[in-house]
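The numbering of the sequence shown is the working numbering, which starts it at 1035 and goes up by one. To start, the structure under review is shown below, and the notes come after it.
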Amino acid sequence: MKKILFVIVCMLVVSATVFAQRGNNQRSPEENAKQLTERMKTVVNLTPEQIAPIDSINLVFAQAQAKLREKANGDFASIREDMQKLNALQIEAYGKILTNEQMQAYNKMREERQNRGNRGAGGNGGNRRGNNN
């Protein structure tokens, strides 16, 4: 009985440690692209023919974003405009592949992700675009 309890406690400690470190590990651009493609498969309802081109777009843009973040060296305000341009190009590329309904679903997914990221930021919810002060 003591051995079973000891094993359970060890597993809990290991899982807690892994969970705590998870936030510190950044995913590679390739992992980010794959994750976005997987999410788009279900949320946007990609057809089998759309998966490969969307995956390619996601990879190219994830790599470009990673380079911009690296260039920023923690000063994300310095790359905000470049990131916005990059995002606009990505949406334009999606527009050539996705249907209108799929684009609406993508925009809704993106909006929800932005709202989730702004939650708890205080003030106006962290929405920098809405700041006119």
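The C-beta atom is built at its ideal place from N, Cα and C for all residues, glycine as well.
Residue environment, residue i, which counts as buried when at least 16 other CB atoms sit within 10 Å
i	result
Pro1082	exposed
Asn1161	Because Asn1161 sits at a pLDDT of 47, beneath the cut-off of 50, its placement in the model cannot be relied upon, and the following sentence gives the value as read from the coordinates. The residue in question, Asn1161, is exposed, as its Cβ has fewer than 16 Cβ neighbours within 10 Å.
Lys1095	Here residue 1095 turns out to be Phe, not Lys, going by the sequence shown. Classification for Phe1095: buried.
Gln1099	buried
Ala1067	buried
Ile1088	buried
Thr1071	buried
Residue i - containing alpha helix (DSSP H), residue span
i	result
Ala1111	Run containing Ala1111: none; DSSP gives neither H nor E here.
Asn1079	Note, Asn1079: premise wrong, no alpha helix (DSSP H); not H, not E.
Sub-8 Å separation of residue i and residue j beta-carbons
i	j	result
Ile1131	Gln1084	yes
Val1078	Gln1136	yes
Ala1127	Ile1091	yes
Ala1106	Ile1113	yes
Whole-angstrom C-beta distance between residue j and residue i, which should lie under 8 Å
i	j	result
Glu1064	Leu1102	Actually they are not in contact, since the Cβ atoms of Glu1064 and Leu1102 sit about 16 Å apart, beyond 8 Å.
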